[in-house]
Amino acid sequence: MAEYNTQSNTPAMHWKAKDLRKEWKRFRQHCDFTLKGPLASKTELEKVNYLMTYIGDKGTFTWAPATTRDGPAENETLRGVYDKYSAYAEPKRNEIRATVLFNKRRQQDEEKFDNFVTDLRLLVADCGYVDTDRQLRDGIVLRSLSGICEKCFEVSDADLTLARAIQIGQLYETSKADMKTIIDEDPKVNYVYQNRKPGKKKSDLRRNEKKNRNFKARNKTFEGRES
């Protein structure tokens with residue numbers, strides 16, 4: 000079996016990130032995929048060495064590893080290393096601040112939809128919500144790009160699950176990219192596109208705005224958060 004290529008798609012921790020908690024979660028998730036995937040056959044100690052390499056010099060600090068009579072030192076197990084660095088990178092959770100950050104997060108114009116959803120997942124994890132799927136769904140519906148929001152409003156509440164909202168966003172992004180490719184490659188299509196009738200009817204826009212208001216009223220963002 001070929002050795003894992005450590006130069007390809009290697010996890011890296013950015014210790015100067017503005018949001019260290021969020022960066023640590025992203026890094027740990029990437030490490031989990033790597034250590035349980037390509038490196039699954041390695042021993043525990045070998046995995047620890049890989050992890051310490053990924054953590055890097057800037058994040059490496061010395062501690063006196065605790066030992067027990069029945070087990071290895073904490074720096075010889077993945078759990079021990081993860082716990083030590085988690086305590087450093089993840090100070091006590093502030094649910095109010097986390098909720099504010101989650102509700103302020105909006106998809107940017109040139110941002111990939113999947114990147115936006117991944118960021119929402121990381122942010123909602125610290126909010127203390129009971130039903131995180133519902134909050135993620137609402138975040139996608141209310142704070143994605145306008146085209147995705149409109150597509151979501153066309154689906155009834157009963158059918159609009161988190162998985163369905165994500166599917167809508169992905170399909171919208173793919174179809175938009177395909178259309179751009181066609182327009183760029185075919186001058187005739189480009190001419191038709193450039194000379195199409197502008198925008199939607201005002202009645203359609205008003206209807207979408209009304210759906211938006213109704214959706215917000217039914218799905219208050221702070222509902223479901225643990226007291």
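According to numbering that gives the first Met the number 0, the residues represented by the sequence shown are 0 to 226, in order. Ideal Cβ positions, reconstructed from N, Cα and C, are used throughout, including at glycine.
**Beta-carbon gap between F26 and A39 smaller than 9 angstroms** = no
**Item:** E153 - containing alpha helix (DSSP H), residue span
**Value:** Here E153 belongs to no alpha helix (DSSP H), and DSSP marks it neither H nor E.
**Asked** Skipping 5 residues on each side, what residues in its chain have a beta carbon closer than 8 angstroms to that of W23?
**Response** M12, Y84, S85, A88 and E89
**Message:** If I follow the unbroken alpha helix (DSSP H) through A97, where does it start and stop?
**Reply:** E94 to K103
**Prompt:** Taking the Cβ atom as the reference point for each residue, do L34 and K46 lie within a distance shorter than 9 angstroms?
**Reply:** yes
**Asked** Taking DSSP as the reference, what is the three-state secondary structure of H13?
**Response** coil
**Message:** Determine whether the beta carbon atoms of D125 and N93 lie at a separation below 9 angstroms.
**Reply:** yes
**Prompt:** Quick one, are the C-beta atoms of I147 and Q106 less than 9 angstroms apart?
**Reply:** yes
**Message:** Given this structure, state the Cα-to-Cα distance separating M51 from L44, to the nearest angstrom.
**Reply:** 11 angstroms
**Message:** Taking 8 angstroms as the limit between beta carbons, can you name the residues of its chain near K111, skipping five residues before and five after?
**Reply:** E172
**Item:** Cα-Cα separation, A176 to K17
**Value:** 32 angstroms
**Request:** Note down the Cα distance separating I167 from C30, rounded to an integer number of angstroms.
**Result:** 29 angstroms
**Message:** Less than 9 angstroms between the C-beta atoms of L121 and K21, yes or no?
**Reply:** yes
**Prompt:** On the three-state DSSP scale, how would you describe G146?
**Reply:** helix
**Request:** My understanding is that T131 touches V123, with C-beta atoms under 8 angstroms, so please give their C-beta distance in whole angstroms.
**Result:** 5 angstroms
**Message:** Taking the alpha carbon of R78 as the reference point, which residue from V154, N48 and V99 has its own alpha carbon closest?
**Reply:** N48
**Request:** For I139, count neighbouring Cβ atoms within 10 angstroms of its own Cβ and tell me buried if that reaches 16, exposed if not.
**Result:** buried
**Asked** Does DSSP classify R68 as helix, strand or coil?
**Response** Residue placement at R68 is poorly supported in this model, since its pLDDT is 46, which falls under 50; the coordinates are not used for a value here.
**Item:** CA nearest to the CA of F101, picked from D113, R142, E109 and D108
**Value:** R142
**Request:** Under 8 angstroms by Cβ, that's how I've got C151 and A162 pegged, so tell me the actual separation to the nearest angstrom.
**Result:** Actually they do not touch by this definition, with Cβ atoms about 12 angstroms apart.
**Message:** Can you tell me whether T173 is helix, strand or coil according to DSSP?
**Reply:** helix
**Asked** Would the beta-carbon of Q169 fall within 9 angstroms of that of D113?
**Response** yes
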